[in-house]
Amino acid sequence: MNLSKIKIFWLLFLIKFAEANILYDVLKQRTGDPCENLYRHTCPLGVNRTISQELEKSINPILQKFDETQDAVRKTYSFLKIDNIQRIIESAIESMTFIKICEKFNLTKGVQYLENILEQTKKVMIEDIKNTNWLLKHNQTDIAIRVIEKIYLTFDSKNQEKVKFFFKDFENCFNSCLKDFPNSTEVCVTHGYECAAKHNFTWIDLIKTANGVNEHNKIINFGISFILYASQTQDEVLKVALIASLMAHELSHTMMNSITASNDNILSYFPPKAEDCITKQYESTCKTYKEIKCFMTFRQLEEAGADVIGMNLAYKLFKNIINQSASESILKKLNLSNIDQLFFLTYWSILCRPEKITTTEMKDHPANNIRINAVVQLPEFQKSFNCSADSTMMKSRTDQCLIYGKKSKFK
């Protein structure tokens, strides 16, 4: 396929993408009463489309070009076969492949948007940290703020620049060395690496699933489908609605201390009663909404805690960015009466599945429907949908677990 045909193909794809917004189309499938079962209201059994499926389908043109792009990058640096730096070179090649994909598919807007959302999420989190009494009491406030301030996206523009400078300095030093010592490729590769090593970049891994990850409590990565979505979705409401809960959850992992965590905890103290509060809510939701099998285990506490911290954070972020008047058009199209309804309908919407939900005790994450229905923790849920006290969702609610912020009562 020649270059002009590729451009036409990609243009047609983007037009199709823009005309049929994933989130809007899937939300139109909802049925039943959110006060009885929010998950099955937004995620009906047997539907043909889910948000995660549509997101992952949307990146097919990117994946079709991924291997070709990576092969081209590898070919350029095919001489780099030195064992002691092979792993670093490999991560540099994969990172450069990601950068080339972003350039080829014009994803810069999406990268910048996610950078901006992360900074706004950090700002809200830091404000809550400053107002949390138990952090102050246990001398944890300053360290928490420092850690949150340093969190970044693996694919952000600063890290991409580091990767580019790495290769630029590597090539310059390598070529200069080879000019002086024509038969010393291996020595010159090592010299090139020594020149470039000062650009301490983070490996940019292209995630193909509609997912996110918090690595070592300091680096967040998102599936490339979210970068594409943010690049091509014009409606700010639909962008924030899809991305806020995922960004808030990943950031919240850093502030959820748990001995079950795979990463090192940053805090030396975390309120035991906060862990109990989280567990009680997820046990109650699990008991109420079990479809096949459902467990709330100690192993799942880390993820459940990031959900609980994240839902409060995501709600504040959403309300900071979106106001009622700005969302009138989409609310009318979806037959919604207020902006809070849109937040709750889109909360963790990538977890929707068309089949009955099951899980095992060995899973790190609670069941998908439990994670979404636990958002009943927020009092705004009842108010937004005018749920009666004896509705199923409200009866599943336990005490609110406000872990961070001035209203936190934990000690």
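Positions -20 to -1, 1 to 391 (mature numbering (1 follows the signal peptide of the UniProt record, and there is no 0)) are the ones given, in order, by the sequence shown.
Backbone N, C-alpha and C define an ideal beta-carbon position, used for all residues, glycine too.
Opposing strand residues paired with residue i [DSSP bridges]
i, result
"I187", "G203"
"Y132", "I199"
"V193", "N201"
Endpoints, alpha helix (DSSP H) assigned at residue i
i, result
"N155", "137 to 160"
"R20", "18 to 22"
"E263", "252 to 269"
"P41", "40 to 56"
"H233", "216 to 233"
"M76", "66 to 84"
Reduced DSSP category for residue i - H, G, I as helix; E, B as strand; rest coil
i, result
"N163", "coil"
"G385", "coil"
"G26", "coil"
"G12", "coil"
"Y209", "helix"
"Y4", "helix"
"F390", "coil"
"Q120", "coil"
"S32", "helix"
"N349", "helix"
"T182", "coil"
"Y249", "coil"
"A176", "helix"
"I239", "With a pLDDT of only 49 at I239, under 50, the local geometry of the prediction cannot be trusted, and the value read off the model is given with reservation. In the structure shown, I239 sits in coil (DSSP, three-state: anything other than H, G, I, E or B)."
Min CB distance residue i to chain C below 8 Å
i, result
"C381", "In summary, chain C is missing from the structure at hand, where a single protein chain is found."
Cβ separation of residue i and residue j, assumed to be a contact under 8 Å, to the nearest whole Å
i, j, result
"V104", "L358", "Contact doesn't hold; Cβ gap of about 15 Å is too wide."
"A190", "E36", "5 Å"
"W114", "S388", "7 Å"
"T56", "I81", "Going by Cβ atoms, the distance from T56 to I81 rounds to 15 Å, so no, they are not a contact pair."
"L124", "L247", "For the record, residue 124 in the displayed sequence is Ala; it is not Leu. At roughly 7 Å, the Cβ-Cβ gap stays under 8 Å, so A124 and L247 are in contact."
"I352", "V288", "Actually they are not in contact, since the Cβ atoms of I352 and V288 sit about 13 Å apart, beyond 8 Å."
"I133", "L94", "The sequence shown places Leu at residue 133, rather than the Ile named in the question. Between L94 and L133 the Cβ distance is about 6 Å, and since that is below 8 Å, they are a contact."
"C175", "F150", "7 Å"
"S38", "S205", "6 Å"
"K130", "T121", "About 16 Å; that fails the 8 Å criterion."
"T234", "N180", "Contact flag wrong, Cβ pair sits at about 21 Å."
"M236", "G285", "4 Å"
"I97", "I207", "Actually they do not touch by this definition, with Cβ atoms about 12 Å apart."
Any non-hydrogen atom of the ligand HEM closer than 7 Å to residue i Cβ
i, result
"P162", "Ligands in the displayed structure: none, and consequently the ligand HEM is not present."
Only counting runs of 4 or more residues, tell me where the alpha helix (DSSP H) segments fall wholly within the segment 89 to 117, in order along the chain. 113 to 117
Mind listing, in chain order, the continuous alpha helix (DSSP H) runs of no fewer than 4 residues lying wholly within the segment 353 to 379? 359 to 365, 372 to 375
Going along the chain, which unbroken runs of the alpha helix (DSSP H) with 4 or more residues stay wholly within the segment 270 to 347? 281 to 301, 308 to 313, 319 to 326
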